[in-house]
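This report concerns only the one structure given below.
Numbering (my numbering), first residue to last: -12 to 295.
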């Protein structure tokens, strides 16, 4: 999805009332695949039509509840299934604009974006990693706003080097690519998604050290987790904060668009419990065995204040 710089910057402005908020969500939907075999992605999972309908219904329920203006999604197989989700489950929600990066992940899990506001987008390539990041440019009340949708390398086979490469690619976009497109003008940027690292891990710390603001740190530490993990080797349950929302300083101190709040959303319909070693833990209703759940990740949301 590479497009020319000129086309990337050509976009109709979207209007939001002053003193209103712009709500942006990020959610790893966990394996939203269609029911067709793709020979280019031999390790993809498949749904039969009945289970696919269940998955679409459940994903649609959560996205409705989030009621965000812009939604970054992870683990969507292709644009066809993204359009089905919007058409069949979100038709009255105003998500007229969609995009998906058709990448080289062997399982076919890609980053996507649905929005009530028009945007243009391109990819951010990550050296040494097969999954690109999605960079979208909006114009809100005449002001540019950038959103970067991320799904960094999983922890399978460690992956820390690839996650650091993803972090550096984000920083290159923030510090070089976007300023070049905006002729040096400081513009608001939101960076979110599944980074597969916690607040204290090197890649996430690196983003903060380079001046980005980890907005979920506005919450108490015990409220930040988005993904529980049964660490059987260590004999304990870990509550990981893998899903993040970062902003640049322009959004923190901006005059036209300003960051207001961020939170982890745990919809009641998505919350279940799991008994582990004789104890009961809050758990997202995820896919396991023959059960089609919502996701193994809880979504995160940030709100921006439109001041003029």
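Where is the CB? At the ideal position from N, CA and C, for every residue including glycine.
#1: Which first and last residues belong to the beta strand (DSSP E) in which residue 218 is found?
#2: Helix or strand or just coil, what does DSSP make of residue 232?
#3: Taking Cβ to Cβ, would you say residue 194 is nearer than 9 Å to residue 178?
#4: In angstroms with no decimal places, state the Cα-to-Cα distance between residue 278 and residue 215.
#5: What distance in whole Å lies between the Cβ atoms of residue 232 and residue 13, which are believed to be in contact at a cut-off of 8 Å?
#6: Buried or exposed, going by whether 16 or more other CB atoms sit within 10 Å of the CB of residue 31?
#7: Relative to the C-alpha of residue 68, which candidate in 127, 57, 98, 49 has its C-alpha closest?
#8: Kindly indicate the opening and closing residues of the beta strand (DSSP E) around residue 10.
#9: Only counting the same chain, and skipping five residues up and downstream in sequence, which positions put a Cβ closer than 6 Å to that of residue 102?
#10: Can you confirm whether the stretch 38 to 45 touches the stretch 139 to 148 when touching is taken to mean that 3 or more C-beta pairs between the two stretches lie within less than 8 Å?
#11: Here's a check: name, in chain order, each residue in its chain whose Cβ is nearer than 6 Å to the Cβ of residue 133, leaving out the five neighbours to either side.
#12: Grab the span of the beta strand (DSSP E) containing residue 103 for me, first residue to last.
#13: State the Cα-Cα distance for the pair residue 95 and residue 271, rounded to the nearest angstrom.
#14: Are residue 217 and residue 181 closer than 9 Å when you measure CB to CB?
#15: Using the three-state DSSP reduction, which class does residue 202 fall into: helix, strand or coil?
#16: Measure from the alpha carbon of residue 113 to the alpha carbon of each residue in 81, 127, 136, then state which is nearest.
#17: According to DSSP, residue 129 sits in a beta bridge with which residue or residues?
#18: By DSSP, does residue 122 sit in helix, in strand, or in coil?
#19: Can you tell me which of 21, 274, 265 puts its alpha carbon nearest to the alpha carbon of residue 257?
#20: Where does residue 280 sit, in a helix, a strand or coil, going by DSSP?
#21: Could you compute how far the alpha carbon of residue 223 sits from the alpha carbon of residue 251?
#22: Going by C-alpha to C-alpha distance, which of 197, 185, 131, 190 sits closest to residue 170?
#23: Expressed to the nearest angstrom, what Euclidean distance is found between the alpha-carbon atoms of residue 234 and residue 152?
#24: When we look at the beta-carbon of residue 198 and count the other beta-carbons within 10 Å, is it buried (16 or more) or exposed?
#25: Are the Cβ atoms of residue 110 and residue 88 separated by less than 9 Å?
#26: Leaving aside the five residues before and after residue 115 along the sequence, list all residues of the same chain whose C-beta is less than 8 Å from its C-beta, in chain order.
Reading from the atomic positions:
#1: Here residue 218 refers to the residue found at position 231 of the chain shown. Residue 218 -> beta strand (DSSP E) spans 214 to 218.
#2: By 1-based counting over the chain shown, the position of residue 232 is 245. Looking at residue 232 - three-state DSSP - the assignment turns out to be strand.
#3: The count along the chain shown starts at 1 and reaches residue 194 at position 207. The count along the chain shown starts at 1 and reaches residue 178 at position 191. Going by C-beta atoms, residue 194 is nearer than 9 Å to residue 178.
#4: For the purposes of this step, residue 278 is identified with residue 291 of the chain shown, where counting begins at 1. For the purposes of this step, residue 215 is identified with residue 228 of the chain shown, where counting begins at 1. C-alpha separation (whole angstroms): 18 Å.
#5: Residue numbering aside, residue 13 sits at position 26 when the chain shown is read from its first letter. Residue numbering aside, residue 232 sits at position 245 when the chain shown is read from its first letter. With a Cβ gap of about 7 Å, residue 13 and residue 232 count as contacting.
#6: Within the chain shown, the letter at position 44 stands for residue 31. Unreliable positioning characterises residue 31 in this predicted model, as indicated by a pLDDT of 46, which lies under 50. The coordinate reading is nonetheless provided below. Result: buried.
#7: The residue labelled residue 68 in the question sits at position 81 within the chain shown. Residue 98 is the option with its Cα nearest to residue 68.
#8: Reading the chain shown from its first residue, position 23 is the one you call residue 10. Run containing residue 10: 7 to 19, per the beta strand (DSSP E) assignment.
#9: Translated into the one-based positions of the chain shown, residue 102 becomes position 115. For residue 102, where only same-chain residues beyond five positions count, the Cβ hits under 6 Å are 57, 84.
#10: no
#11: Working through the chain shown from its first residue, we reach residue 133 at position 146. Same-chain partners within the cutoff: 124, 165, 176.
#12: Position 116 of the chain shown, counting from 1, holds the residue named residue 103. Here residue 103 belongs to no beta strand (DSSP E), and DSSP marks it neither H nor E.
#13: Along the chain shown, one-based indexing puts residue 95 at 108. Along the chain shown, one-based indexing puts residue 271 at 284. The straight-line gap from Cα to Cα measures roughly 23 Å.
#14: Along the chain shown, read from residue 1 onward, the residue named residue 217 stands at position 230. Along the chain shown, read from residue 1 onward, the residue named residue 181 stands at position 194. No, the pair does not count as a contact, with Cβ atoms beyond the cut-off.
#15: Translated into the one-based positions of the chain shown, residue 202 becomes position 215. In the structure shown, residue 202 sits in a helix (DSSP, three-state: H, G or I).
#16: The sequence position of residue 113 within the chain shown is 126, counting from 1. Closest option to residue 113, Cα to Cα, is 136.
#17: Counting from 1 along the chain shown, the entry for residue 129 is found at position 142. Beta-bridge pairing links residue 129 to no other residue.
#18: On the chain shown, position 135 is the one that residue 122 refers to. Residue state, collapsed to three classes: strand.
#19: As a first step, residue 257 is located in the chain shown; it is residue number 270 there, counting from the start. Residue 257 has its Cα closest to that of 274, out of 21, 274, 265.
#20: What you label residue 280 is simply residue 293 of the chain shown in a count that begins at 1. Three-state DSSP puts residue 280 in coil, outside helix and strand.
#21: If you number the chain shown from 1, residue 223 lands on position 236. If you number the chain shown from 1, residue 251 lands on position 264. Taking the straight line from one Cα to the other gives about 23 Å.
#22: Within the chain shown, numbered from 1, the residue matching residue 170 stands at position 183. Checking every option, the nearest Cα to that of residue 170 belongs to 131.
#23: In the chain shown, the residue the question calls residue 234 occupies position 247. In the chain shown, the residue the question calls residue 152 occupies position 165. When rounded, the distance between both Cα atoms is 19 Å.
#24: Position 211 of the chain shown, counting from 1, holds the residue named residue 198. Exposed, since its Cβ has fewer than 16 Cβ neighbours within 10 Å.
#25: Locating residue 110 in the chain shown gives position 123, where the first residue counts as 1. Locating residue 88 in the chain shown gives position 101, where the first residue counts as 1. Cβ atoms of residue 110 and residue 88: closer than 9 Å.
#26: Position 128 of the chain shown, counting from 1, holds the residue named residue 115. Here the set comprises 148, 149, 152.
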